[in-house]
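Quick notes on the structure that follows.
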Ligand code: AMP
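Residue numbers (the working numbering): 3 to 195.
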């Protein structure tokens with residue numbers, strides 16, 4: 003199955019995508035993880051992306067398209083994938099459709115994990131302590147939430163208009179939320195088959 007996970011920074015996309023990956027046996031593709039890997043490895047891409055990420059801004063659509071096109075072309079993505087962190091705006095959502103058209107497999111399900119922003123600021127403050135991510139400091143978090151509202155939230159309607167969107171309440175234990183997501187995928191699969 004080809005799934006896009008949507009949700010604000012700190013909504014639990016990464017955690018839930020990792021669970022789905024194990025349950026469904028398809029890769030979890032996180033553009034944030036790919037970029038953090040590039041920063042760590044000190045590649046040209048990493049050097050370009052590092053300051054942009056630390057501020058909480060978006061890396062350019064052209065660079066992201068190159069990354070996602072090459073990752074989706076890999077063997078393990080041919081039977082499906084869970085995208086986490088891409089698309090981040092409407093330009094990317096349309097670019098993704100273009101890439102998937104070339105590969106002849108469209109996005110099947112978009113799942114939005116819905117949490118309120120209060121909860122997010124708390125979660126990310128905890129993650130900042132645990133993981134030390136530069137973009138989890140209070141200023142960068144506020145900025146990332148603004149970027150999400152302005153640029154990423156319209157992507158929700160993009161998939162809604164195509165009849166591909168499901169929304170899942172993102173507050174509760176990790177297990178409760180993953181059960182909701184799995185339920186939605188099963189129900190959605192039955193409805194559309
Ligand atoms: P994430 O781990 O998904 O929260 O991503 C961390 C940071 O990586 C973001 O704040 C952006 O700076 C950058 N990033 C990740 N995915 C994208 C994307 N699809 N487009 C642009 N920038 C991205």
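Note that CB positions come from ideal geometry on N, CA and C, so glycine has one too. Computed from a predicted model, the values in this text were never measured in an experiment.
- A straight line joining the alpha-carbon of residue 50 with that of residue 66 spans about 12 angstroms.
- Secondary structure of residue 170 (DSSP, three-state): strand.
- Boundaries for residue 37: no beta strand (DSSP E) harbours it, while the alpha helix (DSSP H) harbouring it runs 33–43, taken from the DSSP string.
- Under the three-pair Cβ rule at 8 angstroms, the stretch 97–108 does not count as touching the stretch 136–156.
- Here residue 20 is not near residue 7, since their CB atoms are 7 angstroms or more apart.
- C-alpha of residue 80 to C-alpha of residue 139: approximately 37 angstroms in a straight line.
- In the same chain as residue 36, and ignoring 5 residues on each side of it, the C-beta atoms closer than 8 angstroms to its own belong to 69 and 73, in chain order.
- The Cβ-Cβ distance between residue 162 and residue 13 does not fall below 7 angstroms.
- Going by C-alpha positions, residue 22 is about 11 angstroms away from residue 177.
- With a contact defined as Cβ atoms closer than 8 angstroms, residue 112 and residue 167 qualify at about 5 angstroms.
- Not one heavy atom of ligand 1 is found less than 6 angstroms from the C-beta of residue 143.
- In the pairwise beta carbon analysis, the stretch 83–97 is classified as touching the stretch 27–34: at least three pairs are separated by under 8 angstroms.
- Residue 28 places its beta carbon less than 7 angstroms from that of residue 83.
- Around residue 17, the same chain offers 176 as residues with beta carbons nearer than 7 angstroms, after the five sequence neighbours per side are excluded.
- Closer than 6 angstroms to some heavy atom of ligand 1: that does not describe the Cβ of residue 68.
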